[in-house]
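Converting from the sequence shown to this note's numbering requires adding 25 to each position, the first position being numbered 1.
Backbone N, C-alpha and C define an ideal beta-carbon position, used for all residues, glycine too.
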Amino acid sequence: MTVPGIWLVVEFETGQDRDHLAARIGNHAGRVAQALSRLPPGAETLVGRDLIGMLAVDRAFLCGEFLDEQGGPIVAYPAAIGCKGQETAHSLVMPVAADGTTSLRLRYTDRELV
């Protein structure tokens, strides 16, 4: 009877850790999205890459893309590949512009929890 109880505790703790991870990534992404929304036209490429690149200090971060209204990347980090090959990772997309024309997509992993 002890083993199922331990399993439930582990599952509960893992769920809480995943919630904390998602909140952490979401908080960082929100700050970057807000900063991206304030960039003047034409500055997205240089400054946007730097802003998204700051998220790479988080071990869970895999890649990030600043997307136009068609969903194509304006800026990608890592620059050469963006989020190609990371389609199965956890994804977070948030609007950057108030009118919904641009968005920020981040992909991250919960590997550190596992």
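Nearest candidate by alpha-carbon position, reference Cys108, set Cys88, Glu94, Thr126, Ala123 = Position 83 of the sequence shown, counting from 1, holds the residue named residue 108. When each option's Cα is compared against that of Cys108, the closest is Cys88.
Thinking just about the alpha-carbon of each residue, which of Glu94, Ala60, Arg49, Pro66 is nearest to the one in Phe86?
Within the sequence shown, the letter at position 61 stands for residue 86. Of the listed residues, the one whose Cα sits closest to Phe86 is Arg49.
Query raised in the report: Expressed to the nearest angstrom, what Euclidean distance is found between the alpha-carbon atoms of Ala68 and His45?
Result: Here residue 68 corresponds to residue number 43 of the sequence shown, with the count starting at 1. Here residue 45 corresponds to residue number 20 of the sequence shown, with the count starting at 1. Ala68 and His45 have their alpha carbons spaced roughly 33 Å apart.
**Asked** Taking the DSSP output, what are the residues bridged to Glu90?
**Response** Here the question's residue 90 lines up with position 65 in the sequence shown. According to DSSP, Glu90 bridges with Ala101, Arg130.
Return helix, strand or coil for Val118, following the three-state DSSP convention. Along the sequence shown, one-based indexing puts residue 118 at 93. DSSP places Val118 in the strand class (E or B) of the three-state scheme.
**OP:** Verify whether the separation of the beta carbon atoms of Thr127 and Ala114 is less than 7 Å.
**Re:** The sequence position of residue 127 within the sequence shown is 102, counting from 1. The sequence position of residue 114 within the sequence shown is 89, counting from 1. Between Thr127 and Ala114, the gap from beta carbon to beta carbon reaches 7 Å or more.
Practice item. Kindly indicate which residue of Arg63, Glu112, Ala101 has the alpha-carbon position closest to the one of Ala123. Key: In the sequence shown, counting from the first residue as 1, residue 123 sits at position 98. Minimum Cα-Cα distance from Ala123 among the listed residues Arg63, Glu112, Ala101 corresponds to Arg63.
Notebook entry, point to check: Taking the alpha-carbon positions, what's the Gly78 to Arg43 distance?
Noted result: Here residue 78 refers to the residue found at position 53 of the sequence shown. Here residue 43 refers to the residue found at position 18 of the sequence shown. If you draw a straight line from the Cα of Gly78 to the Cα of Arg43, it comes to about 23 Å.
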